[in-house]
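A.B. asks: Below is a structure I'd like to ask you about.
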Amino acid sequence: MIESFLLIEKQSSAEPKIEKRKWDRPGGGGGESTIIFGNVFEKVGVNVSKVHGKFADSAINEIPGASESNGEFWASGISLVSHMQSPLIPAAHMNTRLIYTSKQWFGGGMDFTPIYKNEEDCKYIHESIKMTCDRFDTGYYPKFKEQCDNYFFLQHRKEPRGIGGIFYDNLSSSNWENDFEFTKAVGEAFLEIYLHIIRKHIQKSWTKEQRENQLIKRGRYVEFNLLYDRGTRFGLMTDGNPDAIMMSMPPLVKWL
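Under our numbering, the first residue of the sequence shown is numbered 2, with each subsequent residue one higher.
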């Protein structure tokens, strides 16, 4: 995934800045964050983590199976958030994870946040996601799409964060391998979809007004992540690395 993004930067005749940060969790485990600052990707961060230990007492009742495991847990995940230089290319988010307490489950999804909604892009994104879901269960797409629409909604502003995608949590069927293969397919589909959208719009010019609107729209992204995002809350509850948790934040943002 990182290599694909660096190739796009190379094709734009730019030399991106790359930051790699390894971190250790005091209670057990750790991870690595890779952040690219470039001419195409204003900021894209990929975080890989594998952590274990014990939840704080205040968090035990919020996590399925945690009270039965006396707070013990193991979790591994990959998360990506991308904020683009061009206001014509949507911001994007993808996450996949596996968590064990006394229970085990997969979670994840992908969603896209355009500044200017493009109906053709929207159709392509959702049709591609549906095709991926249908390979495993024809009920997945409508269910996970609805969950995404409900989840990525700013209640205080009464507006969606973007055009949606899919979001799922607590996926634990009788077929672990199928759940794993589906979660892996979500990540693979995301990369294919996003690269297509980027290449479609990468050569298009934009205006100062469009850039201004992009920065304001990013404010909504920040509001959601600080107020509602489960990944942010889970990371903080498990004493994760704060810089890795806040990696999703855009590099520049404005509020009216």
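All C-beta atoms in this analysis are idealised placements derived from N, C-alpha and C, irrespective of residue type, glycine included.
Among the candidates 139, 60, 40 and 207, whose CA atom is the shortest distance from the CA of residue 102?
C.D. replies: By 1-based counting over the sequence shown, the position of residue 102 is 101. If we check each option's Cα against that of residue 102, 60 comes out closest.
A.B. asks: Which residues does DSSP pair with residue 151 in a beta bridge?
C.D. replies: Against the sequence shown, residue 151 aligns to sequence position 150. In DSSP, residue 151 forms no bridge with anything.
A.B. asks: Decide if the region 198 to 208 is in contact with the region 180 to 188; the criterion is three or more beta carbon pairs, one per stretch, under 8 Å apart.
C.D. replies: As far as the Cβ criterion goes, the region 198 to 208 does not touch the region 180 to 188, which means the pair count is below three.
A.B. asks: Quick one: residues in its chain with C-beta nearer than 7 Å to the C-beta of residue 240, no 5 flanking neighbours on either side, listed in chain order?
C.D. replies: Numbered from 1 along the sequence shown, position 239 holds the residue referred to as residue 240. Hits under 7 Å: 26, 27 and 28.
A.B. asks: Compute the distance between the beta-carbons of residue 219 and residue 84, then report whether it is under 9 Å.
C.D. replies: As a first step, residue 219 must be located in the sequence shown, where it is residue number 218. As a first step, residue 84 must be located in the sequence shown, where it is residue number 83. Yes, these two residues count as a Cβ contact at 9 Å.
A.B. asks: For residue 174, does the count of other Cβ atoms within 10 angstroms reach 16, so buried, or fall short, so exposed?
C.D. replies: What you label residue 174 is simply residue 173 of the sequence shown in a count that begins at 1. Looking at its Cβ environment, which holds fewer than 16 other Cβ atoms inside 10 Å, residue 174 is exposed.
A.B. asks: Tell me, to the nearest whole angstrom, how far the beta carbon of residue 194 is from that of residue 129; I am working on the premise that it is less than 8 Å.
C.D. replies: By one-based count along the sequence shown, residue 194 stands at place 193. By one-based count along the sequence shown, residue 129 stands at place 128. With a Cβ gap of about 5 Å, residue 194 and residue 129 count as contacting.
A.B. asks: Identify whether residue 177 lies in helix, strand or coil by the three-state DSSP scheme.
C.D. replies: Sequence index remark: in the sequence shown, residue 177 carries index 176 (1-based). Note: residue 177 maps to helix in three-state DSSP.
A.B. asks: Could you tell me which uninterrupted alpha helix (DSSP H) segments, each at least 4 residues in length, are contained entirely in the region 25 to 89, listed from first to last along the chain?
C.D. replies: Those alpha helix (DSSP H) runs which fall completely within the region 25 to 89 and span 4+ residues are 58 to 61.
A.B. asks: Short of 7 Å in beta carbon distance, which residues of its chain neighbour residue 254, apart from the five on each side in sequence? Order them along the chain.
C.D. replies: Locating residue 254 in the sequence shown gives position 253, where the first residue counts as 1. Only 216, 219, 220 and 223 meet the Cβ criterion.
A.B. asks: Taking 6 Å as the limit between beta carbons, can you name the residues of its chain near residue 99, skipping five residues before and five after?
C.D. replies: Reading the sequence shown from its first residue, position 98 is the one you call residue 99. The residues are 77 and 107.
A.B. asks: Tell me which residues share the same chain as residue 109 and place their Cβ nearer than 7 Å to its Cβ, disregarding the 5 neighbours each side in the sequence.
C.D. replies: Residue mapping note: residue 109 aligns to position 108 of the sequence shown, counting from 1. Within the same chain, residue 109 has close Cβ partners 96, 97, 98, 169, 184 and 187.
A.B. asks: Taking the beta strand (DSSP E) that residue 94 belongs to, which residues open and close that run?
C.D. replies: In the sequence shown, residue 94 corresponds to position 93, counting from 1. Its beta strand (DSSP E) spans residues 92 to 101.
A.B. asks: Could you tell me which residues DSSP puts in a beta bridge with residue 20?
C.D. replies: Position 19 of the sequence shown, counted from the start, is the residue given in the question as residue 20. According to DSSP, residue 20 bridges with 36.
A.B. asks: Go to residue 125, then tell me how far its beta strand (DSSP E) extends in each direction, as first and last residue.
C.D. replies: Translated into positions along the sequence shown, residue 125 becomes position 124. Careful: residue 125 lies outside any beta strand (DSSP E), inside the alpha helix (DSSP H) at 120 to 135.
A.B. asks: Could you tell me which whole alpha helix (DSSP H) segments of length 4 or greater appear in the region 163 to 219?
C.D. replies: Within the region 163 to 219, the complete alpha helix (DSSP H) runs of at least 4 residues are 177 to 202.
A.B. asks: What are the start and end residues of the alpha helix (DSSP H) that includes residue 12?
C.D. replies: Along the sequence shown, read from residue 1 onward, the residue named residue 12 stands at position 11. That run of the alpha helix (DSSP H) goes 3 to 12.
A.B. asks: So, with DSSP's three-state summary, where would you put residue 114?
C.D. replies: On the sequence shown, position 113 is the one that residue 114 refers to. Of the three classes helix, strand and coil, the one that applies to residue 114 here is strand, per DSSP.
A.B. asks: Check whether the region 137 to 151 touches the region 229 to 247, counting contact only when three or more Cβ pairs, one atom from each stretch, lie closer than 8 Å.
C.D. replies: The region 137 to 151, when compared against the region 229 to 247, does not touch it at the 8 Å Cβ threshold.
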